[in-house]
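Positions 0 to 306 (numbering that gives the first Met the number 0) are the ones given, in order, by the sequence shown.
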Amino acid sequence: MLRYIVKRLAYLVLVLIGVSFIVFTLLQLTPGDPVRMMLGESATPEAREALRQELGLDDPFLVQYANYVRKIVFHADLGTSYNTGRPVLQEILTMFPNTLKLAAAAVLLATVLGTILGIISAVKQYSIIDNIVMVFALVGTSAPIFWIGIMMILLFSVKLAWLPPSGFDSFEQMIMPAVALGMQSTAVIARMTRSSMLEVIRQDYVKTARAKGQKEFVVIMRHVYRNALIPIVTVVGLQFGHLLGGAMLTEVVFSIPGVGRLMIDAIKQRDFPIVQGSVLFVAACFSVVNLLVDILYAFIDPKVSKD
0 MLRYIVKRLA
10 YLVLVLIGVS
20 FIVFTLLQLT
30 PGDPVRMMLG
40 ESATPEAREA
50 LRQELGLDDP
60 FLVQYANYVR
70 KIVFHADLGT
80 SYNTGRPVLQ
90 EILTMFPNTL
100 KLAAAAVLLA
110 TVLGTILGII
120 SAVKQYSIID
130 NIVMVFALVG
140 TSAPIFWIGI
150 MMILLFSVKL
160 AWLPPSGFDS
170 FEQMIMPAVA
180 LGMQSTAVIA
190 RMTRSSMLEV
200 IRQDYVKTAR
210 AKGQKEFVVI
220 MRHVYRNALI
230 PIVTVVGLQF
240 GHLLGGAMLT
250 EVVFSIPGVG
260 RLMIDAIKQR
270 DFPIVQGSVL
280 FVAACFSVVN
290 LLVDILYAFI
300 DPKVSKD
């Protein structure tokens, strides 16, 4: 097991190095001069050149990247925001609790609802209920998050006046963002639960359990769902990581102060350290979630750690 965890940690480090290099490269190729954004059009060429040297923007690309990685590794320093002058990590950690709360609420809703729908769909295969669930799954995976959010605001806030259209401080304000963000994950989990259970439900030991006179609920939950749990756990973990990164559009639509909205504002202002730090931070969270899922997977099925 220890060897398996070390191997996954090595993969995680390689992923983060790759992500940091790709993001750093893309931002170097992005049009726009952050120095011009910071000083304005009226600044003199001398002032711009002095600030460019101070920020290290006049160094060669590989030197800039090496300095960036060195600060992260040895000082846990993601840089300083061009606009606020505050450390990037501090800016991200200020916003991250809202993103984490939104992703947790969405994945909890998606797990509970998606699992229930998947179980019902598998048990009632080819019935009207099964068809309705599959249509819902198709719509859920196809509809963009921002479109779902806008439609919910128009219906539940503008027309019915049931829920507030923005904010994230009360339970009522959390409902629509969590539903909008968790819709796609609910559909994915429902489809995976149905597929996984249908593979198990036809096994001989399930028929034996029914032949022994066990109640159908016990057969489904103890023998079918329990043995179909491994791929479901994997999907739930991956969806949580996906929701952490995918909360960006939801935060913008519902005006939630989170990492995604921070990143969008930074892109508009050419605040490259915020953009780089936010992407790397979200990638690290996603990788850590995947690592935890792999470890949990190995505990559920010990044969995995032997591969």
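Backbone N, C-alpha and C fix where the C-beta goes; we use that ideal spot for every residue, glycine too.
Contact between residue 248 and residue 144 holds, with the beta-carbon distance rounding to 5 Å and staying under 8 Å. Take residue 155, set aside five residues on each side of it, and the residues of its chain with a beta-carbon closer than 6 Å to its own are 161, 162, in chain order. In chain order, 55 place their CB closer than 7 Å to the CB of residue 63, counting only its own chain and leaving out the 5 sequence neighbours on each side. In this chain, the alpha helix (DSSP H) harbouring residue 146 covers 144–151. Counting only the Cα atoms, residue 37 lies some 7 Å from residue 81.
The distance from the Cβ of residue 22 to that of residue 278 is about 5 Å, consistent with a contact at the 8 Å cut-off. Under the Cβ criterion (8 Å, minimum of three pairs), the segment 103–113 does not count as touching the segment 207–225. Taking a contact to require three or more Cβ pairs closer than 8 Å, the segment 68–77 and the segment 249–262 do not qualify as touching. Counting C-beta pairs with one atom in each stretch, the segment 132–141 and the segment 182–189 have three or more that are closer than 8 Å, which means they touch. For residue 233, the secondary structure class from DSSP, reduced to helix, strand or coil, is helix. Around residue 183, the same chain offers 139, 140 as residues with beta carbons nearer than 6 Å, after the five sequence neighbours per side are excluded. For residue 138, the enclosing alpha helix (DSSP H) begins and ends at 127–141. Contact fails between the segment 2–17 and the segment 233–242, because fewer than three Cβ pairs, one in each stretch, are under 8 Å apart.
The beta carbons of residue 99 and residue 177 sit no closer together than 8 Å.
At a Cβ-Cβ threshold of 8 Å, residue 15 and residue 246 do not count as neighbours. Residue 126 sits away from residue 253, with the two beta carbons spaced by 8 Å or more.
Every unbroken stretch of the alpha helix (DSSP H) spanning 4 or more residues and falling wholly within the segment 23–87 is given here in chain order: 33–38, 44–54, 60–74. Residue range 203–210 is occupied by the alpha helix (DSSP H) that includes residue 204. Spatial neighbours of residue 175 in its own chain (CB-CB distance under 6 Å, excluding positions within 5 residues in sequence) are listed in chain order as 151, 162. Using a Cβ distance threshold of 8 Å, residue 27 and residue 73 do not count as a contacting pair.
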